[in-house]
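Asks: Per my numbering, residue 1106 is the first one in the sequence shown, and the count goes up by one each step. Each residue gets a CB set at the ideal place from its N, CA and C atoms; glycine is no exception.
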Amino acid sequence: MAFEVGDHVFIDESKSKSYYVAAAAIAPGSRSATDRAIRALTRPGQRRFHFKSESDSSKRSLLSHLALMDVRVAVYVAKGLPDKTARTLCLEAVVSDLAQAGASRLTLERDQSLVAADRRIIRDALVEHDYVTKLNYEHAAPADHSLLWVSDAVAWCHQAGGDWIRRSRPLVSSVRQVG
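1. From the DSSP output, which residues share a beta bridge with Leu1211?
2. For Ala1128, would you say it is in contact with chain C, using Cβ-to-Cβ distances shorter than 8 Å as the test?
3. Buried or exposed: which applies to Gln1264, given that a residue is buried once 16 or more other Cβ atoms fall within 10 Å of its Cβ?
4. Tell whether a beta-carbon distance below 8 Å holds between Val1200 and Ala1222.
5. Hey, would you say Leu1252 sits closer than 8 Å to Ala1129, going by beta carbons?
6. Between Asn1241 and the rest of its own chain, which residues show a CB-CB distance below 8 Å, the 5 nearest in sequence each way excluded?
7. Let's test the definition: count the other Cβ atoms within 10 Å of the Cβ of Glu1214 and tell me whether it reaches 16, buried, or not, exposed.
8. Would Ala1198 pass as a contact of Val1255 if the rule is Cβ separation under 8 Å?
9. Since I believe Tyr1181 is in contact with Arg1274 (beta carbons under 8 Å), could you give me their beta-carbon distance rounded to a whole number of angstroms?
10. Which two residues bound the contiguous alpha helix (DSSP H) that contains Lys1164?
11. Where Val1276 and Ser1121 are concerned, what is the direct C-alpha to C-alpha distance, given to the nearest angstrom?
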């Protein structure tokens, strides 16, 4: 299982031929040090890294450094479905796994066009799993939480396929097909 009791989880997605949601998990006690280490990987003047905008050599270097950190990533994959359906299924699966593991916090990369729907999906899933008061969740800008960058990196690698999946494998603790 990718998640543990008390985990803080950060999710981002990548969509191309399939819909990928990557959920990066970290124990609360490791979060500050890991955040500093991830932010130290940015270049001067860069507020964050966004994997689709990085060069291949930068991607390889970032993945090598991220693999040394205390972060576990679960990947959720929905193939052959409209984005709206795929996102719903992925979010429901994430929340189910978070409730089962006893995670405490969920942060999603903010896409203003999806916030209202995400809140409904998450709320309904929390009710279904009797976990409403146990999981705090928010939408945030990527620059606010460096662990969103880890989710972005792994989601990008999975949609890119091939050697990028292999390179991201040290970070990935599970891959779950949904739908």
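Replies: Straight from the coordinates:
1. Val1114 and Tyr1242
2. Here there is only one protein chain, and chain C is not present.
3. buried
4. no
5. yes
6. Ser1209, Arg1210 and Leu1211
7. buried
8. no
9. With 8 Å as the limit, Arg1274 and Tyr1181 do not qualify as a contact, their Cβ atoms being about 16 Å apart.
10. Asp1161 to Leu1171
11. According to the sequence as given, residue 1276 is Leu; it is not Val. Cα to Cα, the separation comes out at about 21 Å.
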